[in-house]
């Protein structure tokens, strides 16, 4: 496979090479990126480098992705809500509480297991043995639209669209507190939390550029219904950015109130819209899905209390 060429920028200065790769290529986890570096599949300015290599922001990184691995995750008959499907892609309305792909603590019962049952052998292998077809992720406790690729060509095309923002994702959320303005933008870099490595945070040290546009849909006493559009796709981006500006997502026990909301699975955050160019035809595809029942119930309760 031809190597991918990834120029670094000033915002990448200080980042580790493995972190840079994981952030730049959605199909790679940080551990997978580290393995590629260790076996010599990654060069910096034409020379091998260590995974802990700190970038200056003036390099050219080349990475050769491995050939598709045999799929190890097993098919499971888990019901999924298919919003769109053809020979190249499948878009699913993921429920809150469903993990996207197998990982430590979640060996099965994931969206990948459901897709393997639904699609059979028709899933791309670029994501590896445990993430076949997965182009981007949605948090376990976030619901809504997620796209998967059925072949490697579609996977590569969609991954490129994630990088150039052609693949656009729109979310709706209920945020805690009242916004003074009707719309705005959070432009703040996101990286690993300096003490809790399971969390993300706004940080000037080793963070990646992250931009979230938001607009108010409805206002309630103490809460606001907002729409968020991602310009970038960092881990937990909307949750981190909303908490950063003082408006954590309702029900988010990681970045907001630690106490779970009775009757609510996860946080009130739903991927309501998805737009992409079809990897085979180049035609624009725009999809939407309604809010889930729990999110809608919270909205109705807030409306009655207003």
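In the numbering used here, the protein residues as written are 21 to 326. Glycine included, every Cβ here is placed at the ideal spot set by N, Cα and C.
DSSP state of residue 199, grouped into three classes? In the three-state reduction of the DSSP assignment, residue 199 falls in the coil class, being assigned neither a helical nor a strand state.
Would you report the Cα separation of residue 241 and residue 70, rounded to the nearest angstrom? Rounded to whole angstroms, residue 241 to residue 70 spans 52 Å at the Cα level.
Would you check if the stretch 284 to 296 and the stretch 307 to 324 touch, i.e. whether three or more CB-CB distances between them fall below 8 Å? Cβ pair count under 8 Å is three or more, so yes.
Helix, strand or coil: which one does DSSP assign to residue 224? Residue 224: coil per DSSP, three-state reduction.
Can the beta-carbon of residue 281 be found closer than 7 Å to that of residue 210? Between residue 281 and residue 210, the CB-CB gap reaches or exceeds 7 Å.
Within the continuous alpha helix (DSSP H) that includes residue 260, where are the two ends? Unbroken alpha helix (DSSP H) run through residue 260: 257 to 264.
Return helix, strand or coil for residue 316, following the three-state DSSP convention. Residue state, collapsed to three classes: helix.
Since residue 53 is in the alpha helix (DSSP H), which residue starts that stretch and which ends it? Segment 50 to 58, the alpha helix (DSSP H) holding residue 53.
Is it the case that the stretch 67 to 84 contacts the stretch 40 to 49, given that we only count it when at least three CB pairs across the two stretches are under 8 Å? They touch, by the three-pair rule.
How far does the alpha helix (DSSP H) with residue 133 in it extend, from its first residue to its last? The continuous alpha helix (DSSP H) containing residue 133 extends over residues 131 to 139.
Would you mind giving the Cβ-Cβ distance between residue 289 and residue 314, rounded to the nearest angstrom? I have them listed as a contact below 8 Å. Cβ atoms of residue 289 and residue 314 stay farther apart than 8 Å, at about 11 Å.
Rounded to whole angstroms, what's the CA-CA distance from residue 319 to residue 108? Just pull it up for me. Roughly 36 Å separates the two Cα atoms.
Per DSSP, residue 207 forms a beta bridge with which residues? Beta-bridge pairing links residue 207 to 231.
How do the stretch 218 to 231 and the stretch 110 to 125 stand: do at least 3 beta-carbon pairs fall below 8 Å, yes or no? No: the two stretches stay apart, fewer than three of their Cβ pairs being nearer than 8 Å.
Could you work out which residue in 59, 28, 272 and 56 is closest to residue 75 when comparing CA atoms only? Nearest to residue 75 by alpha-carbon distance, out of 59, 28, 272 and 56, is 28.
Terminal residues of the continuous beta strand (DSSP E) containing residue 245? For residue 245, the enclosing beta strand (DSSP E) starts and ends at 243 to 250.
Which of the three DSSP states, helix, strand or coil, is assigned to residue 24? Of the three classes helix, strand and coil, the one that applies to residue 24 here is strand, per DSSP.
If you compare alpha carbons, which of 102, 103 and 98 is closest to residue 118? With distances taken between Cα atoms, residue 118 lies closest to 98.
For residue 175, count neighbouring Cβ atoms within 10 angstroms of its own Cβ and tell me buried if that reaches 16, exposed if not. Counting of Cβ neighbours within 10 angstroms places residue 175 among the buried residues, the total reaching 16 or more.
Along the chain, where does the beta strand (DSSP E) that runs through residue 290 open and close? Residue 290 -> beta strand (DSSP E) spans 289 to 297.
Can you name the residues that DSSP bridges to residue 306? Per DSSP, 295.
Enclosing beta strand (DSSP E) for residue 37 [first to last residue]: It is not in any beta strand (DSSP E) - residue 37 instead sits in the alpha helix (DSSP H) that spans 37 to 44.
Measuring straight from C-alpha to C-alpha, what distance separates residue 321 and residue 243? Rounded to the nearest whole angstrom, the CA to CA distance from residue 321 to residue 243 is 12 Å.
If I measure Cβ to Cβ from residue 204 and keep anything under 7 Å in the same chain, skipping five residues before and after, which residues do I get? So the qualifying residues of the chain are 234.
Report the rounded CA-to-CA distance for residue 336 versus residue 56, giving the unit in angstroms. As displayed, the chain neither begins before 21 nor continues past 326, which places residue 336 out of reach and without an answer.
How would you write the range of the beta strand (DSSP E) that residue 165 sits in, first residue to last? DSSP places residue 165 inside the beta strand (DSSP E), whose first and last residues are 163 to 169.
Reference residue 45, options 226, 155 and 164, closest by Cα: Looking at the Cα atoms, 155 is the closest of the given residues.
Please state the DSSP three-state secondary structure of residue 192. In the structure shown, residue 192 sits in a strand (DSSP, three-state: E or B).
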